[in-house]
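Written below as structure tokens is the structure these notes are about.
There are 2 protein chains.
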Amino acid sequence: MLLLRRCQSLTRFGPLNSQRHQVIPAATSCAARLWSSSSDDQRSHQHAHSPSWRHGLAGLLAGTGAVLAYVLHHHKAEQADTITVRTIEKTSSLPIFSQEEVKKHRSLEDGVWVTYKGSVYDITEFVSMHPGGDKILLAAGGALEPFWALYAVHNQEHVLEILSEYKVGELNAEDQKKQQAIKSTDPYSSDPERHPILRINNLKPFNAEPPPEILSDNYITPSAIFFKRNHLPVPQVDPASYQLHVEGLPGRALTLSLEDLKTRFPKHTVTATLQCAGNRRSEMNKVKQVKGLNWGIAAISNARWSGAKLRDVLLAAGYGPEVAQWARHVQFEGLDKDVTGTTYGASIPLNKAVSEEGDVLLAYEMNGEDIPADHGFPVRVVVPGIVGARNVKWLGKIIISAEESSSHWQQNDYKGFSPGTDWDTVDFKSAPAIQELPIQSAITTPADGAVVDRSEEEVTVKGYAWSGGGREVVRVDVSLDGGKTWQVAQLRSSEKGQAPEPSPPPGRAWAWKLWEVTAPLPAKAQELEIVCKAVDNSYNMQPDTVAPIWNLRGVLSNAWHRVKVKIREDESEE
Amino acid sequence: MLLLRRCQSLTRFGPLNSQRHQVIPAATSCAARLWSSSSDDQRSHQHAHSPSWRHGLAGLLAGTGAVLAYVLHHHKAEQADTITVRTIEKTSSLPIFSQEEVKKHRSLEDGVWVTYKGSVYDITEFVSMHPGGDKILLAAGGALEPFWALYAVHNQEHVLEILSEYKVGELNAEDQKKQQAIKSTDPYSSDPERHPILRINNLKPFNAEPPPEILSDNYITPSAIFFKRNHLPVPQVDPASYQLHVEGLPGRALTLSLEDLKTRFPKHTVTATLQCAGNRRSEMNKVKQVKGLNWGIAAISNARWSGAKLRDVLLAAGYGPEVAQWARHVQFEGLDKDVTGTTYGASIPLNKAVSEEGDVLLAYEMNGEDIPADHGFPVRVVVPGIVGARNVKWLGKIIISAEESSSHWQQNDYKGFSPGTDWDTVDFKSAPAIQELPIQSAITTPADGAVVDRSEEEVTVKGYAWSGGGREVVRVDVSLDGGKTWQVAQLRSSEKGQAPEPSPPPGRAWAWKLWEVTAPLPAKAQELEIVCKAVDNSYNMQPDTVAPIWNLRGVLSNAWHRVKVKIREDESEE
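If you read the sequences in order, they're chains A and B.
The first sequence begins at 1 in the numbering used here and counts up by one.
The second sequence begins at 575 in the numbering used here and counts up by one.
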């Protein structure tokens, strides 16, 4: 964890543009060091082709990221040269195919073939192991390049190496020329500038979190350091021609301009915390490698959102008791698209969407300004109390329906499983899509590995706490001795020094609480194991340890947060 | 736990009437054995008068029960004779008071005096330690007898012994005669007959739970074995003259007869699980003694309730948007009263009461029949998803208000605290009244200490799981090795062999799920530590261990449930 932070810090300073292309190699080399102490890493190269290895690998890769993961279960970077040589030798005797022949292999029945830089690969066996799910089939029969431009995580030496195992031939010279003529542009080239302080977990799509100690400095997180979790390139939306379509209700579909949204419906403001389902995933990775971005504790932030109530818009679009008879879900489609035109999508239960107390917004402002590009300009859904993944950005379409969204992210991602469930046994249909998140808290300061001087006599511990579903955090317990004894932290629901906000109505506590406790340093301790756990007003508590809530996707990581701090007895000894 | 069960089993068989007065002594003697191994019990008699002892004692006694608790922190029964002798010696030189003089001491300022069997006691110092809270002040200036008749837990040798420490004099002969003329009747004499299988935790008021292995035999718990948690004597209500008053709304108060309730409002049926806040308290007692009835894992049951929707009744009584402007709570008063006429009371948030999806019932049927006397005949409130204590029985009055109920049970009981909070530091105002309960599950079979023959080759584990607030249980994980590895149990939401009930709408899963898993006996294990933990659809999980959620009142005990089972290798060896 410490090492990881240090690695991430490499990417923190200097102008971002010049950094962008350095980030991945830096993280990779750190990751190699980070993981080199992992027992998983002891597997020899000889076992690389066994099924368990392949599933292990599948378990490593984020649907849309996880740069670090590629390194882990494969083998060390220094072995890469040998591989390349072997691949080349292997190649020499392989047949030549035409693009037409490749095109015939577009299904599991006919085989799944792809091309990359003039070579042909039969990846049929790899499909079930692909971390991004069956989205890999979109590339079947054609070139990988445009997809890899979209999901930049693939642009890794080690991914090429995996691919090389599936090589079956070469593309003929003529078709190679044709392919090269189609220049693949970088779909991320118009992504916005970002604040250099962000700790980048993945560059394309952009995923980053603020340093924890800065996170808890503000009750309202400034938009620039609000954690960013994009699934696709940031779309360029012209606010003047923006249209929001509302479908699935009786009569004609309703289409609203941004101006309509701002003028035809009352403006509501809600302070709401958003949290990524993968927040604190890195702690699960320490138990056993999971698939997903290696988030620290700061994939959570709090903002003031303003916009029209979704309920008001649905009522204007024709929602009524007859619709309630059959409708169960409200689907959202983003304007962010992959190369096939598939948009990001998700859905929430209808009752949350239409409840007067649900406070679901079609937000066009974040912290009093237009929503920034990274957070969904010009309109995003804000679904307070619900996992970030359903708060669809760059909102293009709302669909009232009897069924949940059929999107990958609703059906085959963002779900929790038993620690005993692995990629061989997982049935995504068996678990509900994550909506409300469980009680959560973490320590933002001191950092793990920090040193406190004995002469300071006391230690101040700070953090955040939040619960999903509008359940208010009512208490945070803090321990300095690993959970043996506990004290109660002071909670804060406003900026420091400001009067606390009035208590929210029951079930509508959408915002986090920041907390702080100052305690004397225990007399004889040389090290503190600082632990926090929060309680919400349904008296849900956080689980004690990570392993029993470990799940293959690394979501819902909400065990007690622990940091170790050393006490330095005498400065002169150092 | 095992010993306790064995103790309880003493009260299980035979006709109940003849058993009633044997129950307490039997339980007491078992308790003495049970607790004699506790380290707390090592305190010597010499320390009995220190403040920490007094607070310890206060921590032992239930507001309305806890027969066992009296035994623990005091000293062993065999020492009682010495005490009695000492008390008598002490008495001889004490002054004589008139009832008039005693009456002047009715406050902490003037001192709090009471009489008992002709003696006068100054209990001023004891008031803050009284487990039943300041309700003790109701007896100030008068006789204890009528109160002790109501709260039969006081009728213990050890309570008399505590009382003797506060003796300050004798009542004069004339006033003694007057007091004896007022015959104190047993307010529990008309309590209903109960099923002998119930495990009685307290007789007066009646508190009992079914044996766990029977509990999970039925998806719908038969009313006779549904756990019973009364706070006061069961009131005798004549259904013909029954009146329900609805107050606090504009215009005249509404008064409804039972017939009105049945005929003027649509009848709704809801399957809902009720759970006592103290369910599984006995596990907290093993960590450190708490104050409250020593419930096992069966203070939870599931029934079908039918009646009018509270929402409909409130609308008929004048509830509307203007009321919503100022009202925040709905208070309930029972018809069960203590000697001062104070009724049992509680409140719930208004939004739960008036929500169409809250499903709060004024129930007059339980499992298709009139609600039995022990469960609130003729009308009780059923507040699905909310702690049992707010499901007020023998409902007499409904009050719409800006404030919560001022009752003892809402303000100074049924709240959760940090494990670091003790009776010296507790501030009841600092914690919210328990409403929704957290995720819960327990193993009903095998019982702790059971023996499984190796020849059976596998073990079947059964239990229940439920979560408050309408959150549906989506998974139960079961471990045979103390939590190292986990498997997923089969869930059931209907009687065995019947088709499952349709999935409830989101946020309205009011009923528990029963679960079961059959697993091979691990090859080399001599003992299994079976553990279960449940997950609800907000992905809340149970905490791993009891100590970090321990609280002085012993409520909200929802850590993983654990039972140990021995494997007998060869029957001939036994």
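Here a beta-carbon is modelled for each residue, glycine too, at the ideal position from N, C-alpha and C.
The structure presented is a predicted model; accordingly, all values stated were derived computationally and were not measured.
Touching by the beta-carbon criterion (3+ pairs, under 8 Å), the stretch 765-781 of chain B and the stretch 797-813 of chain B: Enough Cβ pairs lie closer than 8 Å, so yes.
Distance CB(A/Ala363)-CB(A/Leu314) smaller than 8 Å: In this structure, A/Ala363 lies away from A/Leu314, with their beta-carbon atoms at least 8 Å apart.
Contact set between B/Ala726 and chain A, taken where Cβ atoms lie within less than 8 Å: Neighbours of B/Ala726 on chain A: none; closest Cβ ~31 Å, over 8 Å.
Local conformation of A/Trp148 per DSSP, three classes: In the displayed model, A/Trp148 falls within a helix according to three-state DSSP.
Residue range of the beta strand (DSSP E) that includes A/Met578: The question about residue 578 of chain A has no answer here: the residues shown for chain A are numbered 1 through 574.
Continuous beta strand (DSSP E) assignments of at least 3 residues falling wholly in the stretch 798-860 of chain B: Taking only runs of at least 3 residues, the beta strand (DSSP E) segments lying wholly in the stretch 798-860 of chain B are 817-821, 828-831 and 842-849.
Coil, strand or helix - A/Thr444 by DSSP: Reduced to three states, the DSSP call for A/Thr444 is strand.
Touch test, the stretch 830-845 of chain B against the stretch 807-819 of chain B, Cβ-Cβ under 8 Å, three pairs minimum: Yes, they touch.
A/Lys288 CB to nearest heavy atom of the ligand COA below 7 Å: Questions concerning the ligand COA fall outside what the structure shown contains, since it holds no ligand whatsoever.
Inter-residue Cα distance where the pair is B/Leu718 and B/Gln673: Distance between B/Leu718 and B/Gln673, taken at the CA atoms: about 13 Å.
Run of the alpha helix (DSSP H) containing A/Lys352, from where it starts to where it stops: Start and end: Leu350 to Val354.
Whole-angstrom C-beta distance between A/Arg568 and A/Arg454, which should lie under 8 Å: The beta carbons of A/Arg454 and A/Arg568 sit about 6 Å from each other, so the pair counts as a contact at 8 Å.
Contact check, B/Ala873 vs B/Trp1084, beta carbons under 8 Å: Not a contact, by the Cβ cut-off of 8 Å.
Listed by chain order, chain B residues near A/Thr518 by CB distance under 9 Å: For A/Thr518, no chain B residue has a C-beta closer than 9 Å to its own C-beta; the minimum C-beta separation is roughly 15 Å.
Beta bridge counterpart(s) of A/Arg380 as assigned by DSSP: Per DSSP, A/Ala363.
6 Å Cβ shell around A/Gln22 - same chain, five flanking residues per side excluded: Confidence is the limiting factor: at A/Gln22 the pLDDT is only 32, short of 50, which leaves the residue's position unreliable, though a coordinate-based value still follows. Excluding positions up to five away in sequence, the list is empty.
For B/His903, the nearest candidate out of B/Ile973, B/Leu1011, B/Gln754 and B/Asn941 (CA to CA): Answer by Cα proximity: B/Ile973.
Residues of the stretch 416-434 of chain A whose Cβ lies closer than 9 Å to any Cβ of chain B, in chain order: Within the stretch 416-434 of chain A, those residues whose Cβ lies closer than 9 Å to any Cβ of chain B are, in chain order, Gly416, Phe417, Ser418, Pro419, Gly420, Thr421, Ser430, Ala431, Pro432 and Ile434.
Nearest neighbour of A/Glu456, chosen from A/Gln410, A/Arg475 and A/Ala523 [CA to CA]: Nearest C-alpha to A/Glu456: A/Ala523.
Simplified DSSP assignment, three categories, for B/Asp886: In the structure shown, B/Asp886 sits in a helix (DSSP, three-state: H, G or I).
Which residues DSSP lists as bridging B/Glu735, in chain order: None, per the DSSP bridge assignment.
Spatial neighbours of A/Thr124 in its chain, beta-carbon cut-off 7 Å, leaving aside the 5 residues before and after: Residues of the same chain with a CB within less than 7 Å of the CB of A/Thr124, apart from the 5 flanking positions on each side, are Leu108, Gly111 and Val112 in chain order.
Three-state secondary structure (DSSP) of B/Ala600: Here B/Ala600 scores only 31 on pLDDT, less than 50, and its place in the model should not be relied on; the value that follows carries that caveat. Reduced to three states, the DSSP call for B/Ala600 is helix.
Simplified DSSP assignment, three categories, for A/Gln410: DSSP places A/Gln410 within a helical segment (H, G or I) once states are collapsed to three.
8 Å Cβ cutoff met for A/Lys393 and A/His408: With respect to the 8 Å criterion, A/Lys393 and A/His408 are not classified as neighbours on the basis of their beta carbons.
Interface positions of the stretch 312-335 of chain A facing chain B (Cβ-Cβ less than 7 Å), listed along the chain: Those residues of the stretch 312-335 of chain A that come within reach of chain B (Cβ to Cβ, closer than 7 Å) do not exist; the list is empty.
Nearest residue (CA-CA) to B/Arg1155, options B/Val956, B/Val742 and B/Lys1140: The structure shown does not extend to residue 1155 of chain B, since chain B is modelled only from 575 to 1148, so the question has no answer here.
is_contact[A/Lys393, chain B] using C-beta, thresh 8 Å: No, its Cβ sits nowhere closer than 8 Å to a Cβ of chain B.
Strand pairing of A/Glu109, partner residues [DSSP]: Answer is none; A/Glu109 lacks a bridge partner.
Neighbourhood of B/Asn1132 by C-beta distance below 6 Å, restricted to the same chain and skipping five residues each side: So the qualifying residues of the chain are Pro1012, Gln1014 and Gln1116.
CB contact check: B/Glu931 to chain A, cutoff 8 Å: Taking Cβ atoms only, chain A reaches closer than 8 Å to B/Glu931, which makes this a yes.
Cβ-based burial, A/Trp515 [other Cβ within 10 Å; buried from 16]: Buried, because 16 or more other Cβ atoms sit within 10 Å of the Cβ of A/Trp515.
Within 8 Å of chain B by C-beta, residues of the stretch 486-508 of chain A in sequence order: Only those residues of the stretch 486-508 of chain A whose C-beta falls short of 8 Å from the nearest C-beta of chain B are listed: Trp486, Gln487, Val488, Pro505, Pro506 and Gly507.
As assigned by DSSP and simplified to three states, the class of B/Glu977: In this structure, DSSP gives B/Glu977 a state outside helix and strand, which the three-state scheme calls coil.
As assigned by DSSP and simplified to three states, the class of A/Ala173: A/Ala173: helix per DSSP, three-state reduction.
Which of helix, strand or coil DSSP assigns to A/Pro522: In the three-state DSSP reduction, A/Pro522 falls in the coil class, being neither helix nor strand.
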